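Chemist: Quick note on our numbering: the sequence shown kicks off at 153 and runs consecutively.
By construction, the Cβ of each residue, glycine as well, lies at the ideal position given by its N, Cα and C atoms.
Note that the coordinates shown come from a computational prediction; the quantities given were computed from them, not determined experimentally.
Pasting in a structure now, in structure tokens, and then I'll have a few things to ask.
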Amino acid sequence: MKAAVYTKYGPPEVLHIKEVEEPTPHNNEVLIRIYATTVNRTDTGFRSARYFVSRFFTGLIKPKRPVAGSEFAGKIVEVGIDVKDFKVGDKVFGFEDVRSGAHAEYMTVAADGSMAKMPEGFSYQVMAPAGEGATYALSVITAVGIQKGQKVLVYGASGAIGSAAIQILKHLKAEVTAVCGTKNLKLIKLLGADKVIDYQKEDFTKVDETFDFVFDAVGKSSYGACKKLLTPAGKYYSTELGSYGQNPLLAVWFALTGSRKVIFPIPKINKEKMEYIKRLIESGAYKPVIDRTYSLNEIVEATRYVESGQKTGNVVIKVV
Ligand SMILES: NC(=O)c1ccc[n+]([C@@H]2O[C@H](COP(=O)([O-])OP(=O)(O)OC[C@H]3O[C@@H](n4cnc5c(N)ncnc54)[C@H](OP(=O)(O)O)[C@@H]3O)[C@@H](O)[C@H]2O)c1
């Protein structure tokens, strides 16, 4: 089968298209014919090994699993003998961040992994980007325990995580102030944000308002710059470690002092989250934002674009 593989960590150019052996499902796994996948920041983080810590999951010296790709949408073509919940012909989508393998014509996924049957009437290309941004956003929002009417500021509102966060927060009836660049103002309003701040025209850290939660979904702020935006019980979260790894360190410090002003939850990616996201999509509450679509042969170009940090929402890869 055709796959995008990498045998060493490095820039997007370490990826190349190659014929590799088709995987065989174990007893508790399904074999999926992939129709669409994505290039996301999880893939680029693992491939570049920008943070050394990621190598503890992907291989210390070189990648343990050469086929990249974490989000997928496709059709089941084979099931292991212990699989009860899926059958050949089921259309599924999901997010396999640990084992990867989605940048290929076929991949195997554990039947109890973060995968769900696709809702009726949605294409593979719409469902492939439903996993990463939404599960990360949902993990953080769940960890904070956002309630109806609470005020949330989302910085980096136009990324995969930010655009999903706005929609999930609005579904939970929070009051959302979103921060994005000029070109994305209209989109972010359409996603349901109550108020939009253009960071290219206004410094959002200077607004005369406080929030129950500041969600930095682009990792470009700091707790120091945002703390005046927080209510007394307000919380701050960033998708990046911050300079000198300050965000997880502050999270530990505030956990010890009991105030939990900075949180850094490890995302919990599982089947329940995929099922929740499926229901949001079915009900129209969440729609993954798609920026560009590439073919599998264009994986390097797609990866360069994602790594530019300028994609809006998600970048889809058509495999068939
Ligand atoms: N495993 C990992 O390491 C991992 C996994 C997933 C995500 N992440 C992190 O999560 C963050 C978000 O990822 P993502 O995929 O949701 O989004 P993304 O692709 O990184 O975000 C792109 C958006 O960020 C905005 N942006 C770019 N520069 C900005 C700036 N200086 N100030 C404010 N906004 C800026 C742009 O929107 P505008 O045009 O509106 O400015 C663009 O649409 C990233 O920091 C990423 O590294 C890490």
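What are the boundary residues of the beta strand (DSSP E) that includes K170?
Modeler: To locate residue 170, count along the sequence shown from 1; it is residue 18. The continuous beta strand (DSSP E) containing K170 extends over residues H168 to E171.
Chemist: Can you tell me which residues form a DSSP beta bridge with D368?
Modeler: Counting from one through the sequence shown, the residue named residue 368 turns up at place 216. Paired residue(s): Y307 and S390.
Chemist: Let's see if you can read the secondary structure: which residues bound the alpha helix (DSSP H) around R444?
Modeler: Numbered from its first residue, the sequence shown carries residue 444 at position 292. Careful: R444 lies outside any alpha helix (DSSP H), inside the beta strand (DSSP E) at I442 to S447.
Chemist: Going by C-alpha distance, which of I429, N180 and V472 is nearest L321?
Modeler: On the sequence shown, residue 321 is found 169 positions in, with the first residue counted as 1. Residue nearest to L321 within the set I429, N180 and V472 is I429 (criterion: CA-CA distance).
Chemist: What is the DSSP secondary structure of T159, reduced to helix, strand or coil?
Modeler: Position 7 of the sequence shown, counted from the start, is the residue given in the question as residue 159. Three-state DSSP puts T159 in coil, outside helix and strand.
Chemist: Going by C-alpha distance, which of V250, E453, F204 and T357 is nearest K216?
Modeler: For the purposes of this step, residue 216 is identified with residue 64 of the sequence shown, where counting begins at 1. When only C-alpha atoms are compared, the closest one is V250.
Chemist: Please check the pair T391 and G376, which I expect to be a contact at CB under 8 Å, by giving their CB distance rounded to whole angstroms.
Modeler: To locate residue 391, count along the sequence shown from 1; it is residue 239. To locate residue 376, count along the sequence shown from 1; it is residue 224. Not really, about 17 Å apart at Cβ, beyond 8 Å.
Chemist: If we ignore side chains and look at the alpha-carbon of each, how far apart do T190 and T287 end up?
Modeler: Reading the sequence shown from its first residue, position 38 is the one you call residue 190. Reading the sequence shown from its first residue, position 135 is the one you call residue 287. Going from the Cα of T190 to the Cα of T287 covers about 15 Å.
Chemist: Checking the sheet assignment: what are the DSSP bridge partners for L183?
Modeler: Taking the first residue of the sequence shown as position 1, residue 183 is located at position 31. Answer by DSSP bridge pairing, in chain order: E230 and T260.
Chemist: Under 8 Å by Cβ, that's how I've got N466 and G246 pegged, so tell me the actual separation to the nearest angstrom.
Modeler: For the purposes of this step, residue 466 is identified with residue 314 of the sequence shown, where counting begins at 1. For the purposes of this step, residue 246 is identified with residue 94 of the sequence shown, where counting begins at 1. About 15 Å; that fails the 8 Å criterion.
Chemist: Any heavy atom of ligand 1 inside 7 Å of the beta-carbon of V370?
Modeler: As a position in the sequence shown, residue 370 is number 218, starting the count at 1. It does: the Cβ of V370 is within 7 Å (strictly closer) of some heavy atom of ligand 1.
Chemist: When the Cα atoms are used, what is the spatial distance from K341 to K335?
Modeler: Here the question's residue 341 lines up with position 189 in the sequence shown. Here the question's residue 335 lines up with position 183 in the sequence shown. Cα to Cα, K341 sits roughly 12 Å from K335.
Chemist: Of all the options N399, G283, F209 and A156, which has the alpha carbon lying nearest to the alpha carbon of I415?
Modeler: By one-based count along the sequence shown, residue 415 stands at place 263. I415 has its Cα closest to that of N399, out of N399, G283, F209 and A156.
Chemist: Is the beta carbon of A268 sitting closer than 8 Å to the one on E427?
Modeler: Stepping through the sequence shown from its first residue, residue 268 is reached at position 116. Stepping through the sequence shown from its first residue, residue 427 is reached at position 275. Yes, the Cβ-Cβ distance between A268 and E427 is below 8 Å.
Chemist: Let me check understanding here. Comparing Cα to Cα, which of V231, Q462 and L432 lies closest to D443?
Modeler: Indexing the sequence shown from 1 puts residue 443 at position 291. For the residues V231, Q462 and L432, the minimum Cα distance to D443 belongs to Q462.
Chemist: Is N179 near ligand 1, going by C-beta to nearest heavy atom under 7 Å?
Modeler: For this step, residue 179 is matched to residue 27 along the sequence shown. It does not: the Cβ of N179 is nowhere closer than 7 Å to a heavy atom of ligand 1.
Chemist: M279 lies in the alpha helix (DSSP H); which residues open and close that run?
Modeler: One-based indexing of the sequence shown puts residue 279 at position 127. Residues Y276 to M279.
Chemist: Between H178 and the rest of its own chain, which residues show a CB-CB distance below 6 Å, the 5 nearest in sequence each way excluded?
Modeler: One-based indexing of the sequence shown puts residue 178 at position 26. Excluding sequence neighbours, H178 sits near G232.
Chemist: Does DSSP put F224 in a helix, in a strand, or in coil?
Modeler: For this step, residue 224 is matched to residue 72 along the sequence shown. Residue state, collapsed to three classes: strand.
Chemist: Relative to the C-alpha of Y187, which candidate in E459, A369 and E223 has its C-alpha closest?
Modeler: Walking along the sequence shown from the start, residue 187 turns up at place 35. Per the Cα distances, E223.
Chemist: Which value, in whole angstroms, describes the spacing of the CA atoms of D350 and G333?
Modeler: Start at 1 with the first residue of the sequence shown, and residue 350 comes out as number 198. Start at 1 with the first residue of the sequence shown, and residue 333 comes out as number 181. For D350 and G333, the distance between alpha carbons rounds to 5 Å.
Chemist: Short check: CB of E257 to CB of V452, under 8 Å?
Modeler: Residue 257 sits at position 105 when you count from the first residue of the sequence shown. Residue 452 sits at position 300 when you count from the first residue of the sequence shown. Not in contact: E257 and V452 (Cβ atoms no closer than 8 Å).
Chemist: Hey, would you say L343 sits closer than 8 Å to I318, going by beta carbons?
Modeler: For the purposes of this step, residue 343 is identified with residue 191 of the sequence shown, where counting begins at 1. For the purposes of this step, residue 318 is identified with residue 166 of the sequence shown, where counting begins at 1. Yes, they are a contact pair.
Chemist: From which residue to which residue does the beta strand (DSSP E) around K423 run?
Modeler: The residue given as residue 423 occupies position 271 in the sequence shown. No beta strand (DSSP E) contains K423, which is instead part of the alpha helix (DSSP H) from K423 to S435.
Chemist: In terms of residues, what are the limits of the beta strand (DSSP E) holding T329?
Modeler: Taking the sequence shown and counting its residues from 1, the one referred to as residue 329 is at position 177. Element bounds for T329: E327 to C332.
Chemist: Select from P218, Y203, I213 and V205 the residue whose C-alpha is nearest the C-alpha of P175.
Modeler: Counting from 1 along the sequence shown, the entry for residue 175 is found at position 23. For the options P218, Y203, I213 and V205, the alpha carbon positioned closest to that of P175 is the one of P218.
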